[in-house]
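So the structure is just underneath, and the comments pick up after that.
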Amino acid sequence: MSAATQNLNTNSGAPAAANTPPGPADRLDSLPWLPCILTVEVPVVRFTIADLLGMKEGTIVETSFHHTSDLPLRVNQLLIGWTEFEVVGDRLAVRITEQI
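First residue of the sequence shown? That's 1028 in the numbering used here, and the numbers climb one at a time after it.
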């Protein structure tokens, strides 16, 4: 029997999962120290340069979102879910409502 046949016979007894490439979550588990940027976006539509130039302390910028609307959650600009604002003690927080 050739070495290639022996290797084939040896590997054929391995479970199918062992031959499956690792998924994205498995690969990320090996990099827990890797920094990333997490952002919650509050889109403002119909905002112009004139609006930007007119901003000063105390300016209120209205959004098209209702206060109960979910907002996009991104990691390094990649959409990973949806969130809603919540107050925890004296801090503003977001609750994840849906993961993609």
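Ideal placement from N, C-alpha and C gives every residue a C-beta, glycine not left out.
Host beta strand (DSSP E) of Leu1061 (start-end): Careful: Leu1061 lies outside any beta strand (DSSP E) and carries neither H nor E.
From what residue to what residue does the alpha helix (DSSP H) around Ile1076 run? From DSSP, the alpha helix (DSSP H) with Ile1076 extends over 1076 to 1080.
Which full runs of the alpha helix (DSSP H) of 4+ residues lie inside the region 1063 to 1123, going along the chain? Within the region 1063 to 1123, the complete alpha helix (DSSP H) segments at least 4 residues long are 1076 to 1080, listed from N- to C-terminus.
Does the beta-carbon of Phe1112, which I'm using as the reference point, lie nearer than 6 Å to any heavy atom of the ligand SAM? Ligands displayed in this structure: none; no statement on the ligand SAM is therefore possible.
Check whether the region 1102 to 1114 touches the region 1060 to 1069, counting contact only when three or more Cβ pairs, one atom from each stretch, lie closer than 8 Å. The region 1102 to 1114 is in contact with the region 1060 to 1069.
Taking Trp1109 as the reference, give the member of Asp1117, Phe1074, Thr1124 with the closest Cα. Closest by C-alpha distance to Trp1109, out of Asp1117, Phe1074, Thr1124, is Thr1124.
For Val1069, the nearest candidate out of Ala1077, Thr1086, Ile1076, Phe1112 (CA to CA): For Val1069, the closest of Ala1077, Thr1086, Ile1076, Phe1112 by C-alpha to C-alpha distance is Phe1112.
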